[in-house]
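2 protein chains.
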Amino acid sequence: MLDERRIEMLLAVAEHGSFTRAAAALSFTPSAISQQMGLLERDAGAVLFERSPRGVRITEAGDALLLHAEAIRRHLLDARAEVAGITKARGGRLAFGSFPTATATIAAPAIATFHRRHEEVDLQLLDGEPYESAARLHSRELDLALIFSLDNWPAAMDYEGNLVAREDEIEMLPLFDDPFLLLLPESHRLAAAGEEVKLADLAEERIIGSPVGCAPWGMDLEHICAEAGVELMFQATYRSADFQAQQALVASGLGISLLPRLAASALRADVVIRPLMNAPVRHVALAWPTGAYRSPAVKSMIEVIEAIAGDLRFQA
Amino acid sequence: MLDERRIEMLLAVAEHGSFTRAAAALSFTPSAISQQMGLLERDAGAVLFERSPRGVRITEAGDALLLHAEAIRRHLLDARAEVAGITKARGGRLAFGSFPTATATIAAPAIATFHRRHEEVDLQLLDGEPYESAARLHSRELDLALIFSLDNWPAAMDYEGNLVAREDEIEMLPLFDDPFLLLLPESHRLAAAGEEVKLADLAEERIIGSPVGCAPWGMDLEHICAEAGVELMFQATYRSADFQAQQALVASGLGISLLPRLAASALRADVVIRPLMNAPVRHVALAWPTGAYRSPAVKSMIEVIEAIAGDLRFQA
DNA sequence: ACATGCTGTAAGCATCGCTTCACACGCCCC
DNA sequence: GGGGCGTGTGAAGCGATGCTTACAGCATGT
């Protein structure tokens, strides 16, 4: 029972909620899935699925089995990577995750450096929000990822508040804190150099944020500022997760915006950035699955990124 | 790769250090083992064994695979038990471990009570030293075990100082402390009721302990007493791990002994026991594998034993 | 009432994995 | 030095496993 093939089948069935769709996803016939899942039920001595004319639903017993199937799948992937790492000592595959603003400033130069050092490693970059990367680390789709967390927002929490991985399943190495900066049109009253701007100074301003549910900066900045006792007026109509678009909106005088320093590399000429006192920060970190084997490639990439992050921190 | 069958084969090969002996242990032909391990090596893309005319030695890569194989095996066992527990809700199997002195006073009445309540459960008792039970919990040979630790001696440490399980792999529920009592011949100067005996009063006495390496009381009492600043004279010639034998030696006037209170249920007429001030104690606890599914049978047994242990503590 | 989409069963065929038998190799003892 | 005795390995054969194809049963929705 719980052969490697059955594990894949069980996971596919759980994901798609139907033998037929699982079969399609795995390039099998529905009959094969039905037979294997039937045998699995016989071996386990329990009903694992509630059959219905529109698919199947996992029972409690099936769900218990599913959790172990996922764990075993992780062990199999780890075992393979580990053995490959031991024998080849170098080379192999490195799947690396990053989030958009870090991809430009950290991941890109890191990949360039890493590739120069280890041409033989098959390097793969997968961009995504931190919680997506966290889920992919947990499922071993990624070996290493750049992520960030906010003070009240763990990296493994998606934008609806669900945790995609337990805290002890992801190990993290803090790199630096990335503060939010103020993005202003050049003619703005706060744009003139002078005293540092406080969060409370923005109470009258209209803030252009991200669409709720798209990225945490819009939604979560509201929370952070609310906790700091400041109620910001977020623009309801003009929202965008794209920094270029946000800059355009700001330049047009439709409001001001907060943007992470990492995103402030490519600025338009008609906007200015100003630091903010006690600004909220994104805690940028490197993450990998707890307990997983760290191949030489992973260790090397960690060193490369630590060096780049050190330079960034020094500039700040 | 790492099919359930291959896992058993790999574990057997690692245990016996030979394809042939592993085959004998699993009732296979050596050829079957050789073929499967060959395929495993091909799948893993690495040499897992160093062949020699007297058997095989696991390589580093093989050892890495072995660790994952053990973990997967645990998941499979847990998954089975969990599913069985969910569907049957009651019944199934309960493998219970105990150490000798607790078997008589706790495990026996607990088993009697449990059996009355759950006739349908296939209950199994496996006596052994705490570190043996700890190892069996870790490998899922046991579901639950009575164990004890000393102040400087974890339950999972064998009598040569090796840990058979990491601390976080075994979860423990402390039950009570079992103090060592003084066992004296009836004519002994300390046998008369009077002031409580102190450890220091025994400095002149000849102590009859257990053979070193057999049980912790002999060896570890020396350490405990040495740390308390008392150097006891352990009898070199007369040593036994059997309490009846120890009593006979004591009754014959060859020395005195320390015995756990749990072992003091069946005393000869010509010996007496006396309490000891600041006596060393065995911390008796219930243990089960961390993270494993606790079936209704296990939970019920925990309750039964807690009740019995509560009575024992009350008597003390 | 029919079509659709799902699961489940039966028959056929390829593959997998065991056993048996045979062999090559290193070690030890005579 | 040669013959046991141990080891791991390979080829042939046979049964079991697991896929495909084809078809049946059943609920739903048009």
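If you read the protein sequences in the order shown, they are chains A and B. For the first sequence, this note's numbering assigns the number 1 to the initial residue and increments by one for each residue that follows. For the second sequence, this note's numbering assigns the number 317 to the initial residue and increments by one for each residue that follows. Each residue gets a CB set at the ideal place from its N, CA and C atoms; glycine is no exception.
Classification of residue i by the beta-carbon crowding that lies within 10 angstroms, buried from 16 upward
i, result
"Leu491(B)", "buried"
"Thr101(A)", "buried"
"Gln36(A)", "buried"
"His115(A)", "exposed"
"Pro596(B)", "buried"
"Val363(B)", "exposed"
"Glu398(B)", "buried"
"Ser18(A)", "buried"
"Pro446(B)", "buried"
"Asp459(B)", "buried"
"Pro53(A)", "exposed"
"Arg396(B)", "buried"
"Gly529(B)", "Model confidence at Gly529(B) stands at a pLDDT of 49, short of 50, so the residue's coordinates are unreliable; what they give is reported in the following sentence. By the 10 Å Cβ count, Gly529(B) comes out exposed."
"Gly401(B)", "buried"
"Ala135(A)", "buried"
"Ser573(B)", "buried"
"Ala356(A)", "Since the first and last residues shown for chain A are 1 and 316, residue 356(A) lies out of range."
C-beta neighbour in chain B for residue i, strict 8 angstroms
i, result
"Ala46(A)", "yes"
"Ile72(A)", "yes"
"Ala12(A)", "no"
"Glu372(A)", "Absent from the structure is residue 372(A), since the part of chain A shown begins at 1 and ends at 316."
"Ala266(A)", "no"
Cα-Cα separation, residue i to residue j
i, j, result
"Ala561(B)", "His332(B)", "36 angstroms"
"Ser343(B)", "Leu40(A)", "25 angstroms"
"Ala32(A)", "Ala23(A)", "8 angstroms"
"Ala579(B)", "Asn478(B)", "26 angstroms"
"Gly651(B)", "Gly378(B)", "Residue 651(B) lies beyond the range of chain B shown here (317 to 632); nothing can be said about it."
"Ala108(A)", "Thr606(B)", "42 angstroms"
"Glu520(B)", "Asp484(B)", "42 angstroms"
"Thr421(B)", "Leu441(B)", "14 angstroms"
"Arg590(B)", "Ile523(B)", "15 angstroms"
"Thr345(B)", "Arg337(B)", "10 angstroms"
"Ser187(A)", "Asp158(A)", "37 angstroms"
"Arg73(A)", "Gly38(A)", "20 angstroms"
"Phe243(A)", "Thr87(A)", "45 angstroms"
"Leu602(B)", "Trp153(A)", "38 angstroms"
"Arg6(A)", "Arg409(B)", "26 angstroms"
"Ala426(B)", "Leu583(B)", "22 angstroms"
"Ala165(A)", "Met172(A)", "13 angstroms"
"Leu506(B)", "Glu476(B)", "34 angstroms"
"Gly128(A)", "Asp627(B)", "59 angstroms"
"Glu622(B)", "Asn594(B)", "25 angstroms"
"Ser581(B)", "Ala625(B)", "15 angstroms"
C-beta neighbour in chain A for residue i, strict 8 angstroms
i, result
"Asp394(B)", "yes"
"Glu483(B)", "no"
"Ala508(B)", "no"
"His454(B)", "no"
"Leu410(B)", "no"
"Leu355(B)", "no"
"Ala348(B)", "no"
"Arg406(B)", "Residue placement at Arg406(B) cannot be trusted, given a pLDDT of 49 that sits under 50; what the coordinates show is reported in the next sentence. So, not an interface residue."
"His391(B)", "yes"
Check whether residue i and residue j have beta carbons under 8 angstroms apart
i, j, result
"His118(A)", "Ser300(A)", "yes"
"Asp78(A)", "Tyr293(A)", "yes"
"Ala360(B)", "Leu381(B)", "yes"
"Val271(A)", "Gln247(A)", "yes"
"Leu183(A)", "Leu259(A)", "yes"
"Asp494(B)", "Arg367(B)", "no"
"Phe412(B)", "Ile463(B)", "no"
"Ser149(A)", "His283(A)", "yes"
"Ala387(B)", "His68(A)", "no"
"Ile374(B)", "Ala341(B)", "no"
"Glu324(B)", "Asp3(A)", "no"
Interface residues of chain B facing residue i [CB-CB closer than 8 angstroms]
i, result
"Thr105(A)", "Result: empty, since nearest Cβ-Cβ is about 36 angstroms, beyond 8 angstroms."
"Thr87(A)", "Gly361, Ala362, Val363 and Ala377"
"Ala297(A)", "Simply none; closest approach about 16 angstroms."
"Ala64(A)", "Ala395, Glu398, Val399, Ile402 and Tyr609"
Distance cut-off 7 angstroms: residue i Cβ against heavy atoms of the ligand GDP
i, result
"Ala292(A)", "Among the components modelled here there is no ligand, and therefore nothing to report on the ligand GDP."
Per-residue contacts from residue i into chain A (C-beta, under 8 angstroms)
i, result
"Asp319(B)", "Asp3 and Glu4"
Partner residues on chain A for residue i, Cβ-Cβ distance less than 7 angstroms
i, result
"His384(B)", "His75, Asp78 and Ala79"
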